[in-house]
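In numbering that gives the first Met the number 0, the protein residues as written are 0 to 92.
For glycine and all other residues, C-beta sits at the position ideal for the given N, C-alpha and C.
Take a look at the structure set out below.
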Amino acid sequence: MATQRHMEPAKVRAMGEAFQAAAGVLKIVSGVLEVQMQILRTTAFIGLVGGLAVERYLGMIKPEIDRLAKVAEELSQDAILSANDWDKAQGEG
Numbered sequence: 000m001a002t003q004r005h006m007e008p009a010k011v012r013a014m015g016e017a018f019q020a021a022a023g024v025l026k027i028v029s030g031v032l033e034v035q036m037q038i039l040r041t042t043a044f045i046g047l048v049g050g051l052a053v054e055r056y057l058g059m060i061k062p063e064i065d066r067l068a069k070v071a072e073e074l075s076q077d078a079i080l081s082a083n084d085w086d087k088a089q090g091e092g
């Protein structure tokens with residue numbers, strides 16, 4: 000007996016759009032972190048050493064935020080393409 004597969008393309012597309020929105024938010028967070036890091040570097044230059052410690056901490060977080068944004072964007076594209084391919088296959092079959 001063949002295994003049946005079913006997909007609800009509208010829900011998969013909605014999931015893809017949600018991942019796209021998450022990627023957008025993460026990119027904004029990354030940009031804000033970059034600005035904050037620059038401010039902290041500047042204050043560290045004029046003598047506020049605690050700011051430099053916070054800047055270094057944010058510097059460790061930012062690459063992870065960038066990676067998550069990239070992953071969310073890839074998941075979004077994959078989900079939308081999957082739903083489109085499903086619709087196409089259903090139309091042909």
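**Report entry** Alpha carbon of Q35 to alpha carbon of K61, nearest angstrom
**Finding:** One-based indexing of the sequence shown puts residue 35 at position 36. One-based indexing of the sequence shown puts residue 61 at position 62. Taking the straight line joining both Cα atoms gives about 11 Å.
Query - Terminal residues of the alpha helix (DSSP H) in which M59 lies - result: Taking the first residue of the sequence shown as 1, we reach residue 59 at position 60. Segment 48–91, the alpha helix (DSSP H) holding M59.
Query raised in the report: So L25 and A71 are in contact, right, with Cβ under 8 Å, and what is the actual spacing, rounded?
Result: As a working note, residue 25 is residue 26 in the sequence shown. As a working note, residue 71 is residue 72 in the sequence shown. About 6 Å; that satisfies the 8 Å criterion.
Query raised in the report: Counting along the chain, where does the alpha helix (DSSP H) carrying E16 start and finish?
Result: Position 17 of the sequence shown, counting from 1, holds the residue named residue 16. It spans 8–44 - the alpha helix (DSSP H) in which E16 sits, taken as one unbroken run.
Query raised in the report: Where D84 and L39 are concerned, what is the direct C-alpha to C-alpha distance, given to the nearest angstrom?
Result: Within the sequence shown, the letter at position 85 stands for residue 84. Within the sequence shown, the letter at position 40 stands for residue 39. Between D84 and L39, the C-alpha separation is close to 48 Å.
Query - Nearest-angstrom Cα separation, counted from V11 out to I79 - result: Reading the sequence shown from its first residue, position 80 is the one you call residue 79. Reading the sequence shown from its first residue, position 12 is the one you call residue 11. Going from the Cα of I79 to the Cα of V11 covers about 7 Å.
Report task. Take A82 and list the residues in its own chain whose beta-carbon comes closer than 8 Å to its own, dropping the five residues that flank it on each side. Result -> Looking up residue 82 in the sequence shown gives position 83. For A82, where only same-chain residues beyond five positions count, the Cβ hits under 8 Å are M6, P8, A9, V11, R12, G15.
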